[in-house]
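Everything on this sheet refers to the single structure shown next.
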Amino acid sequence: MKKTILLGALTVAGLAATSVSASTADDVRARGKLNCGVSTGLAGFAAPDANGVWQGFDVDMCRAVAAAVLGDATAVEFVPTTGQTRFTALASGEVDMLARNTTWTFSRDVDLKFEFAGTNYYDGQGFMVPKALGVTSAKDLDGATVCIQTGTTTELNLADFFRSNNISYEPVPIETNAEALQQYGAGACDAYTTDASGLAASRATFDNPGDHIVLPEIISKEPLAPLVRHGDNEWGDIVRWTLNAMITAEELGVTSANVAEMAAAPGDNPEINRLLGTEGELGAMLGLSSDWAVKVIAAGGNYGESFERNIGSSTPIGLARGLNALWTNGGLLYSPPFR
Amino acid sequence: MTISDNPPKDSFRLSQLLYDTRYRSMTIQVIAFILLMLSLSWLVSNTVQNLQALGKDFNFGFLSQPAGYDINQRIIDYDSQSSHGRAAIVGMLNTILVAFLGCAVATVIGVLVGVLRLSKNWVVSRLMAVYVEALRNVPLLLWIVVIFALMTEATPQPRDFREGGSASMLFGDTVAITNRGVFIPKPIWHDGSLILAAVFVLSLVGIWAFRRYARKRQEQTGDILPVLWISLGLFFVPTILFYFLLGRPVTLEYPELGGFNFQGGLQVRNSLIALWFALSIYTGAFIAEIVRAGILAVSKGQTEAAFALGLRPNRTMNLVILPQAMRVIIPPLISQYLNLTKNSSLAIAVGYMDVRATLGGITINQTGRELEGMLLLGLFYLTASLAISSVMNVYNNRMKLKER
Chain A
37 MKKTILLGAL TVAGLAATSV SASTADDVRA RGKLNCGVST GLAGFAAPDA
87 NGVWQGFDVD MCRAVAAAVL GDATAVEFVP TTGQTRFTAL ASGEVDMLAR
137 NTTWTFSRDV DLKFEFAGTN YYDGQGFMVP KALGVTSAKD LDGATVCIQT
187 GTTTELNLAD FFRSNNISYE PVPIETNAEA LQQYGAGACD AYTTDASGLA
237 ASRATFDNPG DHIVLPEIIS KEPLAPLVRH GDNEWGDIVR WTLNAMITAE
287 ELGVTSANVA EMAAAPGDNP EINRLLGTEG ELGAMLGLSS DWAVKVIAAG
337 GNYGESFERN IGSSTPIGLA RGLNALWTNG GLLYSPPFR
Chain B
150 MTISDNPPKD SFRLSQLLYD TRYRSMTIQV IAFILLMLSL SWLVSNTVQN
200 LQALGKDFNF GFLSQPAGYD INQRIIDYDS QSSHGRAAIV GMLNTILVAF
250 LGCAVATVIG VLVGVLRLSK NWVVSRLMAV YVEALRNVPL LLWIVVIFAL
300 MTEATPQPRD FREGGSASML FGDTVAITNR GVFIPKPIWH DGSLILAAVF
350 VLSLVGIWAF RRYARKRQEQ TGDILPVLWI SLGLFFVPTI LFYFLLGRPV
400 TLEYPELGGF NFQGGLQVRN SLIALWFALS IYTGAFIAEI VRAGILAVSK
450 GQTEAAFALG LRPNRTMNLV ILPQAMRVII PPLISQYLNL TKNSSLAIAV
500 GYMDVRATLG GITINQTGRE LEGMLLLGLF YLTASLAISS VMNVYNNRMK
550 LKER
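Keeping their order, the protein sequence lines are chains A and B. Just so we're aligned, residue 37 is where the first sequence starts under my numbering, counting upward by one. Just so we're aligned, residue 150 is where the second sequence starts under my numbering, counting upward by one.
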């Protein structure tokens, strides 16, 4: 009997390790949208509105970058992240950037390998207590139960503050802002601590904001900044100069209302012309179109417009500009020149 | 018949690896082994490459760095200046605590419900069926959150306990149930309490020895000694006697309202209560089914034989049915204990600081050591599970049918 021999061919699959991706900007263009990590919901900074559209100060930052890179401020996929998941989401490439009231610290910048693209909100940690508690200073909080979002710098500041003032407290660690407010509302904790801007935003969502006070002590410096992965400097530059463009636009009086007009008819201020791309090659240096800043400002306005629309004194959150005013108005916002 | 003096030569051809059943299984195993090793080495090299691409190294030095955060429930001394390693140990102890409490209560609930579900009383057995089906078919996380929400929303705040407030303490001002936890009296150990503890342990040994003696005597002579009363006496009398003889070496510290919270006493936090209770009733429902299956596995002839000998139903259950049912019950019970231990990692949902929340949560977040932290976390759960199952296997070996 004729015997055929079949030899099965074993194909060893090529086990190439995941290739290091091309630049983040190319990935974003290829995908057609920006993946932006935001908080799980903080009124004024990042929260979906009644129609399910994300709105807020941090959300505007995401939209501005999308406008600069893709020319479309709506081409953003918002990825809600908690204090615990945000860094893993960014490091693993799940999001292209984080705009999530994240404090710029040495160890995050250096040890966690992230790149902070400039402060977009100068904040500090504060305490909120019910008025009925009769507390007027954070130093009166000896023995109090304090609700805190876990995985944040506020957790460390809180420990330092109580230890250095030699008073005791009971921490109640909580995963998200919403759960913390629920616990605080039920009286399961005497005080809630987070960044002062977050406290103001949360207080505005209460039924009776007047029943709660934010204590005068600010116990830390919290420069909140958008951040990207370490190592892709071109992408870091895009995010950084998008923020700078918004700040510079406010300084130069370029608003969402007049930007189209200013770009169409170049005036005699050379810095405005360079910003809006009617003079020089700044856009091409970033690998963007020459009118990238026009799109940014047309989409969400300049820094001041975004601030006033989302968290400013006319909104329920009612934050004053304070440290976040332009340097020309006594604040800390100071963009390097567009040159 | 002739005997062949030169048997067919055993020649080996390559095709035999595939077509000869003697070799085929070996071939498949070798190929599977190679593939497994390749995928493992790919996983490792991929990890190494990606760590390099991120510019991260792999070391456990962070465990000796100061943690910087506080933990509310700590069984050993800990403050924010202690190391990340110590924070991890605090978390591990909290995990072990809730797992131990949960296993104990789940077993009690499971045995009770399992037995009652077989009751001849229609209402009782239906009620137990409803309990089992409702509990085990709703995700555990929901039960944890529901119980936690009830504990925070339905209980009074500490300030309601002030003069003229709406709430008051229970049991002669010794226990306070608040929305931050239950405050109970805490024992304070003074000089001589060690002797008292020794007396208590000795009386436990005494009870064990007496019961052994009583059983032997019953087997030999048929006399039944009043075991229960003598055991109870041994349990209480020497300890109470020495308590007064030594001049009350153990006192209780009662919780008192002071400042924002109750001070003194022992605070059983709501997070612990919610997690403990939810784990107990959830796992208890599964254990109830295991117990029921175990009892049903014992043939009805055993019950009938016991009744024929004149044993009452109660004794039939305790002396005839349950010991035999245990052999069926214990192996799946072990796996329920393991499940409960691993499920305790849902603790972060209610802010209970277990090892997942300290080492696997805050430490990882503050130090950026995801890989190291997760490996340690996995190692801890693996060790804990193996320890539980080895202890339970010793028990299983003692209970199982001895085959000679």
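C-beta: ideal position from N, C-alpha, C; glycine also. Quick caveat: nothing in here was measured; it's all calculated off a predicted structure.
Closest by C-alpha distance to residue i, when choosing among the options
| i | options | result |
| --- | --- | --- |
| A/Trp277 | A/Asp231, A/Asn305, A/Arg239, A/Ile333 | A/Ile333 |
| A/Trp328 | A/Thr314, A/Asp226, A/Glu270, A/Trp363 | A/Thr314 |
| B/Asp340 | B/Pro288, B/Arg329, B/Leu395 | B/Leu395 |
| B/Cys252 | B/Leu487, B/Ala496, B/Asn514 | B/Leu487 |
| B/Gln214 | B/Ser194, B/Ala237, B/Leu192, B/Asn195 | B/Ala237 |
| A/Asn305 | A/Ser292, A/Gly319, A/Gly323, A/Ala285 | A/Ala285 |
| B/Ala533 | B/Asn492, B/Gly517, B/Leu550 | B/Asn492 |
| B/Thr256 | B/Asn546, B/Leu524, B/Tyr501, B/Ser484 | B/Ser484 |
| A/Ala168 | B/Asp309, B/Trp378, B/Val376 | B/Asp309 |
| A/Glu253 | A/Lys175, A/Thr212, A/Val330 | A/Lys175 |
Contacts that residue i makes with chain B (C-beta to C-beta distance below 7 Å)
| i | result |
| --- | --- |
| A/His248 | The premise fails here: A/His248 is roughly 15 Å from chain B at the closest Cβ pair, so nothing lies under 7 Å. |
| A/Phe163 | Simply none; closest approach about 13 Å. |
| A/Thr124 | Glu519 |
| A/Gln219 | Thr301 |
Per-residue burial, residue i [other beta carbons within 10 Å of its own, 16 or more giving buried]
| i | result |
| --- | --- |
| B/Tyr544 | exposed |
| B/Val247 | buried |
| B/Gln369 | exposed |
| B/Ile224 | exposed |
| B/Glu282 | exposed |
| A/Gly68 | exposed |
| B/Asp226 | exposed |
| B/Met175 | exposed |
| B/Thr244 | buried |
| B/Asp219 | buried |
| A/Leu126 | buried |
| B/Gly527 | exposed |
| A/Val48 | Confidence in A/Val48 is poor, its pLDDT being 30 and thus under 50, which makes the residue's placement unreliable; the coordinate value appears in the next sentence. It is exposed - the Cβ of A/Val48 has fewer than 16 other Cβ atoms within 10 Å. |
| B/Thr512 | buried |
| B/Leu482 | buried |
| B/Ala358 | exposed |
| A/Asp96 | buried |
| B/Asp503 | buried |
| B/Leu343 | exposed |
| B/Ile180 | exposed |
| B/Glu402 | exposed |
| A/Gly50 | Caution is warranted here: a pLDDT of 31 is assigned to A/Gly50, below 50, making its placement in the model unreliable, and the coordinate value is therefore given only provisionally. That one is exposed. |
| B/Ile389 | exposed |
| B/Gln201 | exposed |
Per DSSP, cross-strand counterpart(s) of residue i
| i | result |
| --- | --- |
| A/Ala75 | It should be pointed out that residue 75 of chain A corresponds to Ser in this sequence rather than to Ala. Note: A/Ser75 sits in a beta bridge opposite A/Thr117. |
| A/Cys183 | A/Val208, A/Tyr228 |
| B/Phe411 | B/Leu406 |
| B/Gln485 | Its beta-bridge partners do not exist; DSSP assigns none. |
| A/Val250 | A/Met164 |
| A/Tyr158 | A/Pro259 |
| A/Glu24 | Outside the shown range of chain A, which is 37 to 375, sits residue 24 of chain A, and nothing can be said about it. |
| B/Trp338 | B/Val399 |
| B/Asn328 | B/Gly330 |
Where residue i meets chain B, residues with beta-carbon distance less than 8 Å
| i | result |
| --- | --- |
| A/Leu148 | Gly517 |
| A/Arg199 | Asp228, Ser229, Gln230 |
Contacts of residue i in chain A (Cβ-Cβ under 7 Å)
| i | result |
| --- | --- |
| B/Leu203 | Ala127, Lys149 |
| B/Phe409 | Gly179, Ala180, Thr181, Asp226 |
| B/Arg329 | Thr181, Ala224 |
| B/Gly500 | Val208, Pro209, Ile210 |
| B/Leu510 | Per the sequence presented here, residue 510 of chain B reads as Gly, with Leu not at that position. Going along chain A in sequence order, the residues near B/Gly510 (Cβ under 7 Å) are Gln120, Thr186, Gly187. |
| B/Gly100 | The structure shown has nothing for residue 100 of chain B, since chain B only spans 150 to 553. |
Contact list for residue i against chain A, beta-carbon separation under 8 Å
| i | result |
| --- | --- |
| B/Glu302 | Ala222 |
| B/Ala506 | Thr186, Pro209 |
Heavy atom of the ligand MN within 6 Å of residue i beta-carbon
| i | result |
| --- | --- |
| B/Ile444 | Looking for the ligand MN in the displayed structure turns up nothing, as the structure carries no ligands at all. |
| message | I'd like to know if the stretch 131–151 of chain A and the stretch 255–263 of chain A are in contact, where contact means that at least 3 CB-CB pairs between them fall below 8 Å. | response | yes
| request: Assess, as a yes-or-no matter, whether the stretch 293–306 of chain A is touched by the stretch 189–200 of chain A under the definition of 3 or more beta carbon pairs within less than 8 Å. | output: no
| Does the count of Cβ pairs from the stretch 174–184 of chain A and the stretch 215–227 of chain A closer than 8 Å reach three? | yes
| message | For the pair the stretch 411–418 of chain B and the stretch 260–270 of chain B, tell me if three or more CB-CB distances fall below 8 Å. | response | no
| query | How about the stretch 423–432 of chain B and the stretch 453–463 of chain B: do they share at least three Cβ pairs that are nearer than 8 Å? | reply | no
| task | Name, going along the chain, the residues of the stretch 236–265 of chain B whose beta-carbon falls closer than 7 Å to a beta-carbon of chain E. | result | Structure shown: chain E not included; protein chains present are A and B.
| request: Pair every Cβ in the stretch 280–294 of chain A with every Cβ in the stretch 336–343 of chain A, then say whether three or more of these pairs are closer than 8 Å. | output: yes
| field | Three or more C-beta pairs below 8 Å linking the stretch 210–222 of chain A and the stretch 140–159 of chain A | value | no
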